[in-house]
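Chemist: Starting off with a structure, shown below.
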Amino acid sequence: MDRRRFISTVAQAGVLSVLPTEWAQAFPLNKELQPFPLFIDVLLPETDTPSASQLMVHIELIKHANNIKNYPELIKRGCFWLNKQAQTKFHKMSFINLSDAEKIVIVKQAEKSKNGDIAKLFFERIKQDAFWFYYAHPETWRVLGFEGPPQPNGYLNYTKPPRI
Amino acid sequence: MDDKDFDVVIIGSGAGGGTSAWALSKAGLKVLVLEAGPRYNPFKDYKLHRDDWEHHMFPHKIPVEKRQTYAPMQKLDAKWKHLRSWNHLNGQYNPKDVRVSYGYHHVVGVGGSSLHFTGEAHRLNPASMQMKTRFSQAADWPMTYADLEPYYQQAEEVVGVAGPNTDSSRPRSKNYPQQQHALSYTSQEIKQATKKLGMTFVPNALAVLSQPKAGRTNCNYCGGCLRGCPRTDKGSIDVTYLRDAETTGLCEIRSSCSVTQLEAGANDQITAVHYTDQQGTQRLKTQKVILACGAIETPRLLLNSKNSFAPDGLANESGQVGKNFMETILWTSSGLHPEPLGSHRGLPVDSICWDYNKPDSIPGVIGGCRFSPSQAESDLVGPISYANRIVGGWGKPHKEAMKQSFGRLLSISGIGESLPNAKSFVELDVLKKDKHGLPLAKIHSHLNDNEIRRIEFMANKCREILKATGVKKPLEEFSSYDIFSSTHVFGTCRMGNNEGDSVVDSDCKSHRWKNLWVMDASVFPSSGGGESPGLTIQALALRACEKLVNDA
Ligand SMILES: Cc1cc2nc3c(=O)[nH]c(=O)nc-3n(C[C@H](O)[C@H](O)[C@H](O)COP(=O)(O)OP(=O)(O)OC[C@H]3O[C@@H](n4cnc5c(N)ncnc54)[C@H](O)[C@@H]3O)c2cc1C
Ligand code: SF4
């Protein structure tokens, strides 16, 4: 960006610094993290394109988080918060036991939480990174009318109206 | 070649250094280029073919963010609050009440910042070359447009510039060597819609091949120039001047060699160049030196090279080294067009409006500007950026909105003249040093009211243009008013006829040091009205090298 300033906007969003932790041992998903793929599927559900977890976005996100200080803790606490809401709001054991409509209620609550709350932080950060990984899958592109990646074919039809 | 064989040592291999290497080696001189950065391989290093291409911006091999420091910038005034940078989902880009820096954007590598550039290949508007005489601003160019014209033509031929032959404000002796690129569908829409504003958008002049040339293929309109062109159709310095220079057998490029000092002796001569490579520190005796490290690092090297013969820094007899710093003055507005445009397709800046380019064309403001589409420069050409900056939301409504929005984003940017002022300059940072213990360059940037009013003009016009195309409201705006963010930097070793107020003469030669030249954007006496500087840097270097060869 920058005239060109936006060149590293998304990268700049990485405010968390790199520090390996014992997080690596927490995966593959143990019980306390089971809500995670379901949470990102609420953000990016299956429609005419796959859901986030069908594209293994939760695994990519976990690998990514593994290298960033405090990020694993954020996911753990976020999942704990989701389970807690499932219990207090819907009297279910865990977020994974909720219906789709119930999950949406809880995610909306995370979105509306106060700035600085763990739920808000978890929601905002995971949403941004889920988009980051999800839309790097060509399976998500066709319905958008995006015929990328930009190379090797380029966009030779660039002078014409786009094909809808 | 043996070290003592070199006729000329060139420091830096960007637009200035690469062009000089070409001109001198073609003329039969033996040239050594010392470049701080590594080589890039366009076929391997650039990532536009990958599914995760959006994760990969320009692949800097040497991180550049911390190579300079920035002095605290000016306080922001509530009266200009309509000129702040913001995004409709993420809020203000700079929430502070002082201007902040997003940096001087450049590349440390063989080919310099051209590896990253969008390929605009502009000639300066002749009307912008006499700012001192006409407006008591900046300095006059010590040459005319007509003096530079043959070298512009030559530069256009070497890199393969494609452009329109109809721009009467910049007279041409010959047609562009390459046929202009057809306008993208998006630019066609802009051109049509802005007729009712009385504005004229024309094809931009671009160092991008519309036809194959010398082993380089033509463009396939992927829009990814800023991430590095993997087809070599973009005329970056590495695949044009430097490639040709090396084939002469007279040009050696030493990459990853950082020059730390110019050694000067009696008789006003530079005697040696000190540089570091993998083996350690080297001292190279030299006959002639061309300095081309860009408008920030060139003054730094001169100031860091002070000695008993030049106690205030080398070539700083006038006290002007580092002064007169000029930056990129930018405004961008982005919003969603009502119809699908496929606006991610095509060359990044394929059309341009020069209507306000002359220095007296903005009412009440000195210095001109230009307008162009800028989806790629705003990094709004892929699904990830749409999701996070334009569409937002989540769940099924988000996915539906992505389908409705993708390809409709329109960005319009204005880039304007930057006039020097006493508070904008480059100096040595006495507190921050590089790994060799040398002070870093510290950038001071200040916008005065004239600059801010030019930004305001550009903001109003960009919003008008968006509206004329049918965009209901901007969703994001980016402004130099609250964020320093520069790709075009100039002026810190100004050229001029008077040795009392300039660093080099009209042939880019130091007024005092008999074997020292500066050939990069540092020498610009004024910035022009938003023209991109690369082609002018090349034309100046071609002209100066011709003189150097003739005098040798
Ligand atoms: C994202 C972006 C887009 C741009 N788009 C355009 C455009 O479309 N058109 C245009 O005309 N311009 C554009 N520009 C600007 C253009 O790239 C620069 O103006 C031009 O490259 C400057 O040339 P230069 O020779 O002054 O410096 P540079 O190209 O920056 O080259 C300086 C070189 O010197 C080397 N160096 C520095 N210090 C040392 C040292 N101590 N020892 C050895 N080597 C050293 C650096 O590593 C570098 O390679 C853009 C720039 C950027 C970053
Ligand atoms: S738009 Fe053309 S010049 Fe730019 S990167 Fe793509 S192929 Fe190269």
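Chains X and Z are the protein sequences, given in the same order. With my numbering applied, the first sequence corresponds to residues 1259 to 1422, in that order. With my numbering applied, the second sequence corresponds to residues 1064 to 1615, in that order. Each residue gets a CB set at the ideal place from its N, CA and C atoms; glycine is no exception. It should be emphasised that the depicted structure is a prediction, and the values quoted were computed from it without experimental measurement.
Please tell me whether, using a cut-off of 7 Å, the distance from the CB of Ala-1355 of chain Z to the nearest non-hydrogen atom of ligand 4 is below it.
Modeler: With respect to ligand 4, the structure shown offers nothing to examine, as its ligands consist of ligand 1 and ligand 2.
Chemist: If you reduce the DSSP assignment to three classes, tell me which class Ile-1074 of chain Z lands in.
Modeler: strand
Chemist: Exposed or buried, which one is Asn-1267 of chain Z when buried takes at least 16 other CB atoms within 10 Å?
Modeler: Asn-1267 of chain Z is buried by the Cβ-count criterion.
Chemist: Leaving out the 5 sequence neighbours to the left and right, which residues in its chain are closer than 6 Å to Ala-1344 of chain X when beta-carbon positions are compared?
Modeler: Lys-1350, Ser-1352, Phe-1353 and Leu-1356
Chemist: Residues of the segment 1428-1441 of chain Z with a CB closer than 8 Å to any CB of chain X: list them in chain order, please.
Modeler: Ser-1437, Glu-1440 and Ser-1441
Chemist: When the Cα of Ala-1531 of chain Z is compared with those of Z:Gly-1172, Z:Leu-1503, Z:Pro-1401 and Z:Phe-1541, which residue comes out closest?
Modeler: Z:Pro-1401
Chemist: Among the residues of its own chain, which have a CB less than 6 Å from the CB of Asp-1387 of chain X, if the five just before and after it don't count?
Modeler: Leu-1319
Chemist: Quick one: what's Ser-1548 of chain Z bridged to in DSSP?
Modeler: Partner(s): Z:Gly-1166.
Chemist: For Thr-1398 of chain X, go through chain Z and note every residue whose CB falls closer than 9 Å to its CB, in chain order.
Modeler: Neighbours of Thr-1398 of chain X on chain Z, chain order: Pro-1446, Lys-1462 and Met-1465.
Chemist: Within 8 Å of any Cβ in chain X, is that where the Cβ of Tyr-1544 of chain Z sits?
Modeler: no
Chemist: Going by the DSSP bridge assignment, what does Asp-1340 of chain Z pair with across the sheet?
Modeler: Beta-bridge pairing links Asp-1340 of chain Z to Z:Gly-1343.
Chemist: Any heavy atom of ligand 2 inside 7 Å of the beta-carbon of Arg-1294 of chain Z?
Modeler: The answer is yes for Arg-1294 of chain Z.
Chemist: Measuring only between beta-carbons, confirm whether Leu-1469 of chain Z sits less than 8 Å from chain X.
Modeler: A small correction: the amino acid at residue 1469 of chain Z is Phe; Leu does not occupy that position in the sequence shown. By this cut-off, Phe-1469 of chain Z is an interface position.
Chemist: Give me the chain Z residues within the contact set of Leu-1414 of chain X, using Cβ-Cβ distance strictly less than 7 Å, ordered along the chain.
Modeler: Asn-1283 and Tyr-1284
Chemist: Around the C-beta of Thr-1249 of chain Z, are 16 or more other C-beta atoms found within 10 angstroms, so that it is buried, or is it exposed?
Modeler: buried
Chemist: Is the CB-CB distance between Ala-1225 of chain Z and Leu-1269 of chain Z below 8 Å?
Modeler: yes
Chemist: Going by CA-CA distance only, name the one from X:Ile-1333, X:Ile-1362 and X:Gln-1292 that's closest to Ile-1384 of chain X.
Modeler: Of all alpha-carbon atoms in X:Ile-1333, X:Ile-1362 and X:Gln-1292, the one lying nearest the alpha-carbon of Ile-1384 of chain X is that of X:Ile-1333.
Chemist: Mind checking who Glu-1594 of chain Z pairs with in its DSSP beta bridge?
Modeler: Glu-1594 of chain Z pairs with nothing; no bridge assigned.
Chemist: Quick check on DSSP: helix, strand or coil for Tyr-1133 of chain Z?
Modeler: strand
Chemist: What would DSSP say about Gln-1324 of chain Z, mapped onto helix, strand or coil?
Modeler: strand
Chemist: Flag Leu-1246 of chain Z as yes when its Cβ comes closer than 7 Å to any non-hydrogen atom of ligand 2, and as no otherwise.
Modeler: no
Chemist: List the residues that DSSP assigns as beta-bridge partners of Ser-1435 of chain Z.
Modeler: Z:Ser-1476
Chemist: Glu-1304 of chain X: buried (16+ other C-beta within 10 angstroms of its C-beta) or exposed?
Modeler: That one is exposed.
Chemist: On the premise that Ile-1316 of chain Z lies in contact with Val-1581 of chain Z, defined as a C-beta separation below 8 Å, what is that separation, rounded to the nearest angstrom?
Modeler: So it is not a contact: roughly 20 Å between Cβ atoms.
Chemist: Ligand 1 and Pro-1596 of chain Z: does any heavy atom of the ligand fall closer than 7 Å to the residue's C-beta?
Modeler: Flag set: Cβ of Pro-1596 of chain Z near ligand 1.
Chemist: When the Cα atoms are used, what is the spatial distance from Pro-1330 of chain X to Phe-1380 of chain X?
Modeler: When the Cα atoms are used, Pro-1330 of chain X and Phe-1380 of chain X turn out to be separated by approximately 11 Å.
Chemist: Quick one: what's Cys-1314 of chain Z bridged to in DSSP?
Modeler: Z:Val-1094
Chemist: For chain Z, check one thing: does any of its Cβ atoms lie closer than 8 Å to the Cβ of Lys-1418 of chain X?
Modeler: yes
Chemist: Check the C-beta distance from Asn-1153 of chain Z over to Arg-1452 of chain Z and give it rounded, since I have them as a contact under 8 Å.
Modeler: 7 Å
Chemist: For Glu-1280 of chain X, count neighbouring C-beta atoms within 10 Å of its own C-beta (all shown protein chains included) and say buried if the count is 16 or more, exposed if not.
Modeler: With a pLDDT of only 42 at Glu-1280 of chain X, under 50, the local geometry of the prediction cannot be trusted, and the value read off the model is given with reservation. Flag for Glu-1280 of chain X reads exposed.
Chemist: What residues from chain B crowd round Ala-1358 of chain Z, counting only those whose CB sits closer than 8 Å?
Modeler: Among the protein chains in the structure shown, which are X and Z, there is no chain B.
Chemist: Who are the Cβ neighbours of Ile-1515 of chain Z in its own chain at under 8 Å, not counting the five residues just before and after it?
Modeler: Around Ile-1515 of chain Z: Trp-1143, Leu-1146 and Tyr-1544.
Chemist: For the segment 1444-1520 of chain Z, which segments carrying the beta strand (DSSP E) assignment without a break, of at least 3 residues, lie completely within its bounds, in sequence order?
Modeler: 1472-1479, 1488-1496 and 1502-1507
Chemist: The beta strand (DSSP E) with Asp-1581 of chain Z in it runs from where to where?
Modeler: Sequence check: residue 1581 of chain Z is Val here, not Asp. Counting along the chain, the beta strand (DSSP E) containing Val-1581 of chain Z begins and ends at 1579-1581.
Chemist: Does the beta carbon of Gln-1345 of chain X sit closer than 8 Å to a beta carbon anywhere in chain Z?
Modeler: no
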